[in-house]
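Trainee: From first to last, the protein sequence lines stand for chains X and Z.
To convert, note that position 200 of the first sequence is 212 in our numbering; the numbers rise steadily by one, no gaps.
To convert, note that position 221 of the second sequence is 233 in our numbering; the numbers rise steadily by one, no gaps.
Even glycine gets a Cβ: it sits at the ideal position worked out from N, Cα and C.
Before we start, here is the structure in question, set down as structure tokens.
2 protein chains.
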Amino acid sequence: MRKVALVGTGLAKFTKDDVSIESLMLLAIKSLFENTQNVTQKDIDVVLTSTSDNSKYLSSIISELTGLTPKISHSVESLCNSGANSTVSAFAYVASGLADVALVIGAERFDSPGLVLEWDKSRGQYKHPIYWSSMFTKAHMRKYGTTKEDLAIVSAKNHKNATANPYAYFEKEYSIDEIMQSKNLTEDVRLLDCSLPCSGSAAILLVSEEIAKKITDCPIWITGIGQKTISAGFTKNTDLTTMKSTIDAATDAYKMSNIQPTDIDVAEIHDAFTICEIIELEDLRFAKKGKGSNYARNCYETQDRKINPRGGLIGSGHPLGATGIAQIVEIVQQLQEKAGKRQVQDAKVGLVQNMSAAATSSTVLILQS
Amino acid sequence: MRKVALVGTGLAKFTKDDVSIESLMLLAIKSLFENTQNVTQKDIDVVLTSTSDNSKYLSSIISELTGLTPKISHSVESLCNSGANSTVSAFAYVASGLADVALVIGAERFDSPGLVLEWDKSRGQYKHPIYWSSMFTKAHMRKYGTTKEDLAIVSAKNHKNATANPYAYFEKEYSIDEIMQSKNLTEDVRLLDCSLPCSGSAAILLVSEEIAKKITDCPIWITGIGQKTISAGFTKNTDLTTMKSTIDAATDAYKMSNIQPTDIDVAEIHDAFTICEIIELEDLRFAKKGKGSNYARNCYETQDRKINPRGGLIGSGHPLGATGIAQIVEIVQQLQEKAGKRQVQDAKVGLVQNMSAAATSSTVLILQS
């Protein structure tokens, strides 16, 4: 397996703007090429688009609009986990030797057809993700005594982190009180416990080791990959206090990179709802089971940006197909020491966890400078 | 790069039935597992779905419905070329070492949203593929003297071949006269010059060399891969008598497999319209430029099944996301000498050419026993 490096990143600001999926993608690509030296259009031999948008032939349209004529070009879809899936697909193209330079662009509009879980008939009327997050929350509260304040702390921390991210949808801090007083959507989940669907895009460039040396003196290597799909329907989840697909994906990613959870300096994890970050901190083995809240609280109180330094999904917004790519962009910039006011000091090893639909599938990536 | 073998195939009959995309995929998967020994659900570590359907999270839904819990799971979309793209993606996962056993399922409903080319605004009202096929036809007629009878022969040949394919939509032969008298859709293209959108599905299993030995004594190896996207919009085509993306893809595929066009024993090529097969015979270098018609006529007159033995798209029907996979299924069965009444004698080397949208992108695969 050939080594694969991340050598370029691009972002478009997350907004509620009514802008086409093509325009969103072009903004992130323009940003990437402005930030990346020594790459020309003719070097790109893979273009993958990541989205839940209904557009067809989007990777070819984007290629034409940007003057690219890749060998490999298609769209990848797996709901909120599309971004990490498209990245792993690009990794495989380069690692196998089929390609040398892969451009991956994720984008979504605020009104994406991927927002409502039409596919899980077993949910009855409860198609909106708010319902599974509510069930996770209640289960974790019952078993581990997690409180509404614990949830609010995750939101306060990530909103605070997002104030240093110029691409985030949210631009202001929220106090724990404000979060706890925000509108109740279910008994346990309030409006500010939720990430917000929005319009946005992100792009990354993956290259072979040989090409990486020509493009940059700070390549970031993808050293660990873990993925798992346990189901599509939520009703197969027998323990609502844990994310089995994330546990499996993390186990494989740690093993492949020969890294322990304690080696991770910075991580972007999939806080679609506040309870997700708490459970993921446990399932990624940053905290013992039931102690995810304590871990997040400590980060908040010590102003440690280690977890979700760009503000995660809660602070940045959640444009489905772009989210996984935007997470990777943040970790690359952190490991390249280019994260500005968000910089985590001495970050050498990073982790990305991206998941879909009540964690019925997950991807975990380990990145290293 | 690890060697990758095709070791299992499955098909569902192509029809105009109003059946769900999930049901279509399940039929092909059931067929594959009935035909394939020594593989269990737990062995599958990649599930890719190929379709232009608007369904979201389809690969996870299909995994759940079939009791699979893969590591890697997502959908791939690139209009009519989705099938070959998903196959190359699965190849990359196995070739890179990220996975060992990949299930790829392509399916489409007769009313797919991929049928109309909404994306190419430059076409104005002429969004239906019939218009580009008509322009290709007129250009080839002008430059090379191709006749309406030449077109009709391609259709007659492929419809005749399809009568030996139990999964084909069409089940009867058409005479050259019947084809030439069929309804004129444009000045140069008649109804029986066209492939028909339909409902259908196809599945294949790709595995590493080590696994292949355990599953079958007749693995079929993917030895050549070529892909090219030249644009998304038709207006960039400056020469309408040729398919530049197919030429480029074929050049790379022949080079990778170290095979010459004359080495090919059997081929499935993308006859979305009769003119396509004629141009492809030339651009794949089976015939000299301008002589594709002669080549097809010779196959028809000598009853040589070498080109499109299952009946191609014209005889079998064209369920977009399934087409590329169904082409591969046919070549695998031919090389395994399991093609029954359609068997091409002594077939050792096969070719698949799958393309999208006026050949703005193409994939060429070389398969060998």
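Between PRO125/Z and chain X, is there a C-beta pair that is closer than 9 Å?
Mentor: In the second sequence, residue 125/Z corresponds to position 113, counting from 1. So, interface residue.
Trainee: How about the stretch 346–359 of chain Z and the stretch 254–271 of chain Z: do they share at least three Cβ pairs that are nearer than 8 Å?
Mentor: No, because fewer than three Cβ pairs between the stretch 346–359 of chain Z and the stretch 254–271 of chain Z fall closer than 8 Å, the two stretches do not touch.
Trainee: Quick check: ALA119/Z and ASP57/Z, are their CB atoms within less than 9 Å of each other?
Mentor: In the second sequence, the residue the question calls residue 119/Z occupies position 107. In the second sequence, the residue the question calls residue 57/Z occupies position 45. No; because the gap between Cβ atoms is not below 9 Å, this pair is not in contact.
Trainee: Express the C-alpha separation of GLU199/X and ALA369/X in angstroms, rounding to a whole number.
Mentor: On the first sequence, position 357 is the one that residue 369/X refers to. On the first sequence, position 187 is the one that residue 199/X refers to. Near 21 Å, if we compare the C-alpha coordinates of GLU199/X and ALA369/X.
Trainee: Please classify GLN365/X as buried or exposed, where buried requires at least 16 other C-beta atoms within 10 Å of its C-beta.
Mentor: For the purposes of this step, residue 365/X is taken as residue 353 along the first sequence, with counting starting at 1. Label assigned to GLN365/X: buried.
Trainee: Taking ILE271/Z as part of the alpha helix (DSSP H), name the residues at either end of that continuous run.
Mentor: Counting from 1 along the second sequence, the entry for residue 271/Z is found at position 259. Counting along the chain, ILE271/Z falls outside any alpha helix (DSSP H), and DSSP gives it neither H nor E.
Trainee: Chain X beta carbons: is any one of them nearer than 9 Å to that of GLY336/Z?
Mentor: Start at 1 with the first residue of the second sequence, and residue 336/Z comes out as number 324. Answer no: the Cβ-Cβ gap between GLY336/Z and chain X never drops below 9 Å.
Trainee: My understanding is that VAL19/X touches VAL106/X, with C-beta atoms under 8 Å, so please give their C-beta distance in whole angstroms.
Mentor: On the first sequence, residue 19/X is found 7 positions in, with the first residue counted as 1. On the first sequence, residue 106/X is found 94 positions in, with the first residue counted as 1. Rounded, the Cβ-Cβ distance is 11 Å, inconsistent with contact.
Trainee: Consider the Cβ of GLY109/Z: report whether some Cβ of chain X lies at a distance smaller than 9 Å.
Mentor: Reading the second sequence from its first residue, position 97 is the one you call residue 109/Z. So, interface residue.
Trainee: Relative to chain X, which residues along the stretch 236–250 of chain Z have a C-beta separation below 8 Å, given in chain order?
Mentor: Going along the stretch 236–250 of chain Z in chain order, one finds ILE237, GLY238, GLN239, LYS240, THR241, ILE242, SER243, ALA244, GLY245 and LYS248 with a Cβ nearer than 8 Å to chain X.
Trainee: Where does THR258/Z land, buried or exposed, given buried means 16+ other C-beta within 10 angstroms?
Mentor: As a first step, residue 258/Z must be located in the second sequence, where it is residue number 246. Buried, since its Cβ has 16 or more Cβ neighbours within 10 Å.
Trainee: So with CB distances below 7 Å, who are the chain X contacts of PRO82/Z?
Mentor: Against the second sequence, residue 82/Z aligns to sequence position 70. Near PRO82/Z (Cβ distances below 7 Å), the residues of chain X are THR241.
Trainee: Quick one: which chain Z residues come within Cβ less than 9 Å of HIS140/X?
Mentor: Along the first sequence, read from residue 1 onward, the residue named residue 140/X stands at position 128. Result: empty, since nearest Cβ-Cβ is about 14 Å, beyond 9 Å.
Trainee: If you run the structure through DSSP and keep just helix, strand and coil, what is CYS210/X?
Mentor: Numbered from 1 along the first sequence, position 198 holds the residue referred to as residue 210/X. If DSSP states are grouped into helix, strand and coil, CYS210/X belongs with coil.
Trainee: What residue range does the beta strand (DSSP E) around GLU280/X cover?
Mentor: Counting from 1 along the first sequence, the entry for residue 280/X is found at position 268. Its beta strand (DSSP E) spans residues 278–280.
Trainee: Would you please verify whether the beta carbon of THR372/Z is less than 9 Å from any beta carbon of chain X?
Mentor: Taking the first residue of the second sequence as position 1, residue 372/Z is located at position 360. Output row for THR372/Z: interface = yes.
Trainee: Curious, which full-length alpha helix (DSSP H) runs of at least 4 residues does the stretch 250–337 of chain X contain?
Mentor: As far as the stretch 250–337 of chain X is concerned, its whole alpha helix (DSSP H) runs of at least 4 residues are 256–269, 286–295, 304–313 and 324–328.
Trainee: Please confirm if GLU221/Z has its CB atom under 9 Å from at least one CB of chain X.
Mentor: For the purposes of this step, residue 221/Z is identified with residue 209 of the second sequence, where counting begins at 1. No - not a single Cβ of chain X is within 9 Å of the one on GLU221/Z.
Trainee: Taking just the CA atoms, how far does LYS68/Z sit from ALA102/X?
Mentor: Reading the first sequence from its first residue, position 90 is the one you call residue 102/X. Reading the second sequence from its first residue, position 56 is the one you call residue 68/Z. Computed Cα separation, rounded: 21 Å.
Trainee: Among GLY245/Z, THR235/Z and ILE319/Z, which one has its Cα closest to the Cα of LYS139/Z?
Mentor: Counted from its first residue, the second sequence places residue 139/Z at position 127. Closest by alpha carbon: GLY245/Z.
Trainee: Which residue's Cα is closest to the Cα of LYS54/Z: GLY212/Z, SER43/Z and SER75/Z?
Mentor: Position 42 of the second sequence, counted from the first residue, corresponds to residue 54/Z. Nearest of GLY212/Z, SER43/Z and SER75/Z to LYS54/Z, Cα basis: SER75/Z.
Trainee: Determine the closest residue to ASP162/X out of ILE117/X, ASN249/X and GLU313/X, with distance taken between C-alpha atoms.
Mentor: Here residue 162/X refers to the residue found at position 150 when the first sequence is read from its first residue. Taking only the C-alpha atoms, the option nearest ASP162/X is GLU313/X.
Trainee: What residues in the stretch 54–65 of chain X bring their beta carbon closer than 7 Å to a beta carbon of chain Z?
Mentor: Taking 7 Å as the Cβ-Cβ cut-off against chain Z, the residues of the stretch 54–65 of chain X that qualify are SER64.
Trainee: Which of the residues in the stretch 151–162 of chain X, read from start to end, lie with their CB under 8 Å from any CB of chain Z?
Mentor: For the stretch 151–162 of chain X, which is checked against every Cβ of chain Z, not one residue is closer than 8 Å.
Trainee: If we count the other Cβ atoms within 10 Å of its Cβ and call it buried at 16 or more, is LYS360/Z buried or exposed?
Mentor: Indexing the second sequence from 1 puts residue 360/Z at position 348. Exposed, because fewer than 16 other Cβ atoms sit within 10 Å of the Cβ of LYS360/Z.
Trainee: Can you give me, in chain order, the residues of the stretch 22–46 of chain Z that have a beta carbon less than 7 Å from any beta carbon in chain X?
Mentor: Hits within the stretch: zero.
Trainee: Any beta-carbon of chain Z closer than 9 Å to the one on LYS68/X?
Mentor: By one-based count along the first sequence, residue 68/X stands at place 56. Yes, contact with chain Z.
Trainee: Cβ of MET13/X less than 9 Å from any chain Z Cβ?
Mentor: Sequence index remark: in the first sequence, residue 13/X carries index 1 (1-based). Closer than 9 Å to some Cβ of chain Z, the Cβ of MET13/X qualifies, so yes.
Trainee: So which residues on chain X does VAL88/Z lean against when the C-beta distance must stay under 9 Å?
Mentor: The residue given as residue 88/Z occupies position 76 in the second sequence. Ordered by position in chain X, the residues that pass the 9 Å Cβ test against VAL88/Z are HIS86, SER87, VAL88, GLU89 and SER101.
Trainee: Should PRO231/Z go down as buried or exposed, given a rule of 16 or more other Cβ atoms within 10 Å for buried?
Mentor: If you number the second sequence from 1, residue 231/Z lands on position 219. Buried, since its Cβ has 16 or more Cβ neighbours within 10 Å.
Trainee: What does the Cβ neighbour count give for ASN50/Z, buried or exposed, with the cut at 16 atoms within 10 Å?
Mentor: Numbered from 1 along the second sequence, position 38 holds the residue referred to as residue 50/Z. Exposed, because fewer than 16 other Cβ atoms sit within 10 Å of the Cβ of ASN50/Z.
Trainee: With DSSP as the reference, identify every bridge partner of LYS6/X, one or two as the case may be.
Mentor: Since the first residue shown for chain X is 13 and the last is 381, residue 6/X is missing from the structure and cannot be characterised.
Trainee: Can you list, in chain order, the residues of its chain with a C-beta nearer than 7 Å to that of VAL100/Z? Leave out the 5 residues immediately preceding and following it.
Mentor: As a first step, residue 100/Z is located in the second sequence; it is residue number 88 there, counting from the start. So the qualifying residues of the chain are ILE237, GLN239 and THR375.
Trainee: How about the stretch 202–212 of chain X and the stretch 324–336 of chain X: do they share at least three Cβ pairs that are nearer than 8 Å?
Mentor: As far as the Cβ criterion goes, the stretch 202–212 of chain X touches the stretch 324–336 of chain X, which means the pair count is three or higher.
Trainee: According to a CB-to-CB cut-off of less than 7 Å, which residues of the stretch 289–306 of chain Z neighbour chain X?
Mentor: Residues passing the 7 Å Cβ filter: none.
Trainee: Are THR149/X and SER305/X close, meaning C-beta to C-beta below 9 Å?
Mentor: Within the first sequence, the letter at position 137 stands for residue 149/X. Within the first sequence, the letter at position 293 stands for residue 305/X. No. Outside cutoff.
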